[in-house]
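Below is one structure, written out as structure tokens; the observations come after it.
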Amino acid sequence: MLPITATFLDEISHDIPHQNWGKKEWDSDFAYMKQMGIDTVVLIRSGYKRWLTYPSEVLIKEEGAYRPPLDLVALFLSLSEKYGMHFYFGLYDSGKYWWEQGDYQKEVDVNLKVIDEVWAKYGNASAFKGWYLSQEVSRKTGDIMSLYARLGKHCKAVSNNLPTLISPYIDGKKAILSNQSTLTKAEHITIEQHEKDWNEILDRIQGAVDILAFQDGHVDYHELADYFAINKKLATQYNMQCWTNAESFDRDMPIKFLPIKWEKLLLKLEAAKQAGLEKAITFEFSHFISPQSAYPQAHHLFNRYMEKLKK
Amino acid sequence: MLPITATFLDEISHDIPHQNWGKKEWDSDFAYMKQMGIDTVVLIRSGYKRWLTYPSEVLIKEEGAYRPPLDLVALFLSLSEKYGMHFYFGLYDSGKYWWEQGDYQKEVDVNLKVIDEVWAKYGNASAFKGWYLSQEVSRKTGDIMSLYARLGKHCKAVSNNLPTLISPYIDGKKAILSNQSTLTKAEHITIEQHEKDWNEILDRIQGAVDILAFQDGHVDYHELADYFAINKKLATQYNMQCWTNAESFDRDMPIKFLPIKWEKLLLKLEAAKQAGLEKAITFEFSHFISPQSAYPQAHHLFNRYMEKLKK
Amino acid sequence: MLPITATFLDEISHDIPHQNWGKKEWDSDFAYMKQMGIDTVVLIRSGYKRWLTYPSEVLIKEEGAYRPPLDLVALFLSLSEKYGMHFYFGLYDSGKYWWEQGDYQKEVDVNLKVIDEVWAKYGNASAFKGWYLSQEVSRKTGDIMSLYARLGKHCKAVSNNLPTLISPYIDGKKAILSNQSTLTKAEHITIEQHEKDWNEILDRIQGAVDILAFQDGHVDYHELADYFAINKKLATQYNMQCWTNAESFDRDMPIKFLPIKWEKLLLKLEAAKQAGLEKAITFEFSHFISPQSAYPQAHHLFNRYMEKLKK
Chain D
1 MLPITATFLD
11 EISHDIPHQN
21 WGKKEWDSDF
31 AYMKQMGIDT
41 VVLIRSGYKR
51 WLTYPSEVLI
61 KEEGAYRPPL
71 DLVALFLSLS
81 EKYGMHFYFG
91 LYDSGKYWWE
101 QGDYQKEVDV
111 NLKVIDEVWA
121 KYGNASAFKG
131 WYLSQEVSRK
141 TGDIMSLYAR
151 LGKHCKAVSN
161 NLPTLISPYI
171 DGKKAILSNQ
181 STLTKAEHIT
191 IEQHEKDWNE
201 ILDRIQGAVD
211 ILAFQDGHVD
221 YHELADYFAI
231 NKKLATQYNM
241 QCWTNAESFD
251 RDMPIKFLPI
261 KWEKLLLKLE
271 AAKQAGLEKA
281 ITFEFSHFIS
291 PQSAYPQAHH
301 LFNRYMEKLK
311 K
Chain Z
1001 MLPITATFLD
1011 EISHDIPHQN
1021 WGKKEWDSDF
1031 AYMKQMGIDT
1041 VVLIRSGYKR
1051 WLTYPSEVLI
1061 KEEGAYRPPL
1071 DLVALFLSLS
1081 EKYGMHFYFG
1091 LYDSGKYWWE
1101 QGDYQKEVDV
1111 NLKVIDEVWA
1121 KYGNASAFKG
1131 WYLSQEVSRK
1141 TGDIMSLYAR
1151 LGKHCKAVSN
1161 NLPTLISPYI
1171 DGKKAILSNQ
1181 STLTKAEHIT
1191 IEQHEKDWNE
1201 ILDRIQGAVD
1211 ILAFQDGHVD
1221 YHELADYFAI
1231 NKKLATQYNM
1241 QCWTNAESFD
1251 RDMPIKFLPI
1261 KWEKLLLKLE
1271 AAKQAGLEKA
1281 ITFEFSHFIS
1291 PQSAYPQAHH
1301 LFNRYMEKLK
1311 K
Chain S
2001 MLPITATFLD
2011 EISHDIPHQN
2021 WGKKEWDSDF
2031 AYMKQMGIDT
2041 VVLIRSGYKR
2051 WLTYPSEVLI
2061 KEEGAYRPPL
2071 DLVALFLSLS
2081 EKYGMHFYFG
2091 LYDSGKYWWE
2101 QGDYQKEVDV
2111 NLKVIDEVWA
2121 KYGNASAFKG
2131 WYLSQEVSRK
2141 TGDIMSLYAR
2151 LGKHCKAVSN
2161 NLPTLISPYI
2171 DGKKAILSNQ
2181 STLTKAEHIT
2191 IEQHEKDWNE
2201 ILDRIQGAVD
2211 ILAFQDGHVD
2221 YHELADYFAI
2231 NKKLATQYNM
2241 QCWTNAESFD
2251 RDMPIKFLPI
2261 KWEKLLLKLE
2271 AAKQAGLEKA
2281 ITFEFSHFIS
2291 PQSAYPQAHH
2301 LFNRYMEKLK
2311 K
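Chains as they are written, first to last, in the working numbering: chain D, 1 to 311; chain Z, 1001 to 1311; chain S, 2001 to 2311.
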């Protein structure tokens, strides 16, 4: 299997209930990540609607965001340094400008200021090693291509060309909103259309995005090999790295979401290995794999993974 | 922040899965409550449909209720005495007369008998300090004003004027039934209409209800200050205490429900402090804050809360 | 109460998230089962869609099933021997032929091969004591009668007449799919229609099915006595044993599913005792009753059950 060597940090969470950890728990979680072989942590988003991971004067002023009780960006950077990991900073997701209002320009404008603010505030931290463009799409939604291109370029410009990452999803039969009760949908993309769309998108964002990490949970397990092959081919064509975002939660169950069944995760990591993908990042370690997760299924998933890794 | 000094006891539960505790676990839970500073426990309802917290001959005979294996009212009263807490008794909720059938008269009639039965059975317990009118509404639903007035007056009449509590909710954008999968709704109340409604309701129930404790989870966090101010103003005008019902579960997540994110609870308690509310009761300690909750997120929430309290 | 002396093993699970146990955890779970008095374990299904509990060459070849990382049938058989339990093998559920396509013939055909394969592979294990026909229905759906008759007869023919078990559900008001968010439905069966249907079904499958274990969770608690009486009468009439499938998860809560409230399980087991049912099997021990379940509510349910058992 392709080993998991990166994880998202799901703060601010969009749909996964919070574990209410403090500094001590985050420190021990990074120690568990290290033990598993994780060398890269990616903050999924620095803010979502009015919730923030760091006291952003930009977002407090312009978006009416709440001042957070703890600066998680500073904490994660210091833990990344302590444990020798690379930290990627995830941009702000308004949860409205590009979602409801279709106003991608406004989403770009506020993020340009966030990028400047964050680089000024934390750019000198030695663990700051990249950027995550947190707007996740599956198709050419709205002006997403322009958003990726402009934000990616600005991230790279301010930071001496640190790498930028996106993690789109495939519009497969399991592409369901987490607050819908169903598990699958009838209308979904064909592999041909997927290739056509992403050929066009990658062409437009080449140079602004360095790493393409498709989420692996929206198509059926036996369909993954074909999608992985297309993604790898396209990434190579546009000079990007091709990672897999190996989801460690289970999309097939009515509780949305608990840790994935080990056999499913293994199947996906084997397929990723087979397709020659370069790195596996998981969404995400702390809820779904960590030995200290609130979900005990995660503790056993960690053990199953470690048994396999050591074989 | 306004400290949490009261909690509901969610027995019989309407939509929160049961923890299957026995006497020993309840005893240690009361010890944890005490440690957190809780001085008041409010039984959310003594019965719901056919489920009972105590062996009510009235409800077994008239409603076909099941005889419970354990008398929780007796247990909670004895633990309240042991730990020096005030116990409020929650009335019976038929789950049908006032819900489906709109027959508020029947809901009142059965509860008048319950009040008499309970006071005869447990009224001499020194911890019995108040009543909770368990029918929860957000607007002038049906004959709710008359129900509150008649039940509240009867509670006070039999018990030498012990205080009565209600805990309505605001018909905000997050007023969604727990068995609906969505998280928000488009049609919701304006603050002007909320004030108008409750001005009329409180006018009608003055003298029958002593404490008004609105649930704090149905409007957005930044809207709370305005609603708290209105609620406080109205309560003062009608000679009621104004508490906040600080919900400790998270309404923004697809799993309905797990413990709330600490930052959200803190924001709400800060706003309640700011508005001069008199006391915070939470729904509820045992699932969502207790160090022995089945949800480990609650254990960390307890620690975060205690850290803040001791600052 | 009628004691629980059998449990399903929910591998492959249809809608209950996986606990990610390895051999060690399964061994200790069987020890807990033994402690509770369980003498029979029933594999709910040996395969579901492409997921398998054992490396079935038939299903890998014909259904494109995934080769499993662990042979659970071999493991469960060896643990059954170790702990002196009877093991029943659950047939394959395609999740499509009889569901979507209404092609019962194909469901039968593939299962005839599975039966032969399994008996050849594991039939000499001393713990192999019966069969479970895993297609669960509530009415005369499609050609279910013919499916039960043909599969049951073949199971018995290859195995020197080992007993066969089915576990239908009552089409009651709580017969809701787990991926629907609601809890009840308006249209449901009458007890008269239930009796009429099952009289016809049992008449057709007599001789092929030995044990009838209706699921007990789809009607209201006070309706159970009447349904149990009908089921017992019909089973006796057609020379079948009548067990109850005592569901140990809670169907009345928005989280689908967590462990049932002890009082509810007790009520159901008391009613089963009253009706003279012969044995109680639960769905299922490992998630909802086990002291090592990922759901701590289960640990307390185990304690409550054991307290009652020892009285």
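Cβ atoms here follow ideal geometry from the backbone N, Cα and C, with glycine treated the same way.
| Check | Outcome |
| --- | --- |
| Beta-carbon neighbours of Asp314 of chain D, restricted to chain S and to distances below 9 Å | This structure cannot speak to residue 314 of chain D, because chain D is shown only from 1 to 311. |
| Amino acids of chain D, ordered along the chain, whose beta-carbon sits closer than 8 Å to that of Arg2139 of chain S | Neighbours of Arg2139 of chain S on chain D: none; closest Cβ ~23 Å, over 8 Å. |
| Integer-rounded CB distance, given that Ala1280 of chain Z should sit under 8 Å from Pro1003 of chain Z | 7 Å |
| Three CB pairs or more closer than 8 Å across the region 2228–2237 of chain S and the region 2271–2278 of chain S | yes |
| Beta-carbon gap between Val2042 of chain S and Tyr2083 of chain S smaller than 8 Å | no |
| Contact list for Ser1178 of chain Z against chain S, beta-carbon separation under 8 Å | Pro2254 |
| Contact list for the region 59–78 of chain D against chain Z, Cβ threshold 7 Å | Gly64, Tyr66, Pro68, Pro69 |
| Per-residue DSSP class, three states only, for Gly2064 of chain S | coil |
| CA-to-CA distance, Lys2156 of chain S to Ala1186 of chain Z, given in whole angstroms | 59 Å |
| Candidates Z:Gln1135, Z:Leu1077, Z:Pro1291: closest to Lys1129 of chain Z by CA position | Z:Leu1077 |
| Three or more C-beta pairs below 8 Å linking the region 213–228 of chain D and the region 160–175 of chain D | yes |
| Continuous alpha helix (DSSP H) stretch holding Val1110 of chain Z: start and end | 1104–1122 |
| Minimum Cβ-Cβ distance from Tyr1227 of chain Z to chain D less than 8 Å | no |
| Whole beta strand (DSSP E) elements within the region 2142–2182 of chain S, 3-residue minimum | 2164–2166 |
| Min CB distance Leu2266 of chain S to chain Z below 8 Å | yes |
| Rounded separation between Arg2204 of chain S and Trp2098 of chain S - CA only | 19 Å |
| Distance, Lys1196 of chain Z Cα to Asp39 of chain D Cα | 58 Å |
| Beta-carbon proximity list for Asp2252 of chain S, same chain, < 7 Å, skipping 5 on both sides | Leu2183 |
| Nearest-angstrom Cβ-Cβ length linking Ser2167 of chain S and Phe2214 of chain S, presumed shorter than 8 Å | 7 Å |
| Reduced DSSP category for Gln2135 of chain S - H, G, I as helix; E, B as strand; rest coil | coil |
| Near-chain Z residues of the region 2152–2172 of chain S - C-beta to any C-beta below 7 Å | none |
| Environment of Thr1190 of chain Z [buried if 16+ CB atoms lie within 10 Å] | exposed |
| Any C-beta of chain S under 8 Å from that of Leu2 of chain D | no |
| Backbone CA spacing between Lys1113 of chain Z and Asp1010 of chain Z [nearest angstrom] | 22 Å |
| Whether Asp1093 of chain Z touches Pro2254 of chain S by CB criterion (8 Å) | no |
| Beta-carbon spacing of Ala2294 of chain S, Pro296 of chain D below 8 Å | yes |
| The beta strand (DSSP E) enclosing Ala1246 of chain Z, as first and last residue numbers | 1241–1247 |
| Chain Z contact for Trp26 of chain D (CB, 8 Å cutoff) | no |
| Partner residues on chain D for Leu1183 of chain Z, Cβ-Cβ distance less than 8 Å | Asn179 |
| Interface flag, Gly2022 of chain S vs chain D, CB-CB below 8 Å | yes |
| Within chain Z, the residues that Arg50 of chain D reaches when beta carbons sit closer than 9 Å | Asp1220, Tyr1221, His1222 |
| Supposed close pair Met1001 of chain Z, Lys1308 of chain Z - CB separation, criterion 8 Å | 7 Å |
| Asp93 of chain D - partner residues in DSSP beta bridges | D:Tyr48 |
| According to DSSP, residues forming a beta bridge with Tyr88 of chain D | D:Val42, D:Gly130 |
| Proximity winner among S:Asn2124, S:Leu2091, S:Ala2272, S:Trp2198, relative to Leu2151 of chain S (alpha-carbon distances) | S:Leu2091 |
| Residues that Ala2175 of chain S contacts on chain D, provided the C-beta gap is smaller than 8 Å | Going along chain D, no residue has its Cβ under 8 Å from Ala2175 of chain S, so there is no contact; the nearest lies around 15 Å. |
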